[in-house]
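**Q** Can you keep this structure in mind? I'll have questions shortly.
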Amino acid sequence: MKTKSILCLLTVVCCLLLSGCKVGNVALSQGLTDQSYLYFVSVNKYAEPVQVTLDNGVTFNANVVKERKATVKGDTYAVSTGKRRVSVSYQGKTIWEREVFLSTQETKKIILP
Numbered sequence: 109m110k111t112k113s114i115l116c117l118l119t120v121v122c123c124l125l126l127s128g129c130k131v132g133n134v135a136l137s138q139g140l141t142d143q144s145y146l147y148f149v150s151v152n153k154y155a156e157p158v159q160v161t162l163d164n165g166v167t168f169n170a171n172v173v174k175e176r177k178a179t180v181k182g183d184t185y186a187v188s189t190g191k192r193r194v195s196v197s198y199q200g201k202t203i204w205e206r207e208v209f210l211s212t213q214e215t216k217k218i219i220l221p
């Protein structure tokens, strides 16, 4: 009888001790995404989007925002970070070409003629 009560008491104590263990809340930490952004502005108006080529490979069309005193960033385009060769063409002619370094989360304003 005494052994039974000790065993019951140990079981209750173990249950109380184990119920204090909580699993579930896990903190998650993330850094910034490894991207940078480009947006294109000009004092002139472009009727059509310009063609942008990155590193002589990836090509996409981009809208050009007319630059004013209160120019808000227009359409931004996500690109990978690092040293990139950016070439901008309009109606088959290259109007801007440079090598730029883009860091993480940087937004680079490209001013077109």
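Heads up: take any position in the sequence shown, counting from 1, add 108, and you land on this note's numbering.
The C-beta atom is built at its ideal place from N, Cα and C for all residues, glycine as well.
Just so it is clear, the structure is predicted and the values come from calculations on it, not from any experiment.
From residue 169 to residue 208, what distance separates their C-alpha atoms?
**A** Roughly 19 Å separates the two Cα atoms.
**Q** Under a three-way DSSP split, which group does residue 151 fall into?
**A** In the structure shown, residue 151 sits in coil (DSSP, three-state: anything other than H, G, I, E or B).
**Q** If residue 194 sits next to residue 206, beta carbons under 8 Å apart, how far is it from one beta carbon to the other, in whole angstroms?
**A** Confirmed, Cβ separation roughly 6 Å.
**Q** Count the other CB atoms within 10 Å of the CB of residue 188; is the residue buried (16 or more) or exposed (fewer)?
**A** That one is exposed.
**Q** Could you round the C-beta distance between residue 150 and residue 220 to whole angstroms and report it? I think they count as a contact, below 8 Å.
**A** Contact holds; Cβ gap of about 4 Å.
**Q** Run the CB neighbour count on residue 166, radius 10 Å, all protein chains shown included, and call it buried at 16 or more, exposed below.
**A** When all chains shown are included, residue 166 counts as exposed.
**Q** I need the boundaries of the beta strand (DSSP E) containing residue 171, first residue and last residue.
**A** Element bounds for residue 171: n/a, residue is neither H nor E.
**Q** Quick one: give me the first and last residue of the beta strand (DSSP E) that residue 159 is part of.
**A** Segment 158-162, the beta strand (DSSP E) holding residue 159.
**Q** Pick from 159, 163, 119: whose alpha carbon is nearest that of residue 147?
**A** Closest option to residue 147, Cα to Cα, is 159.
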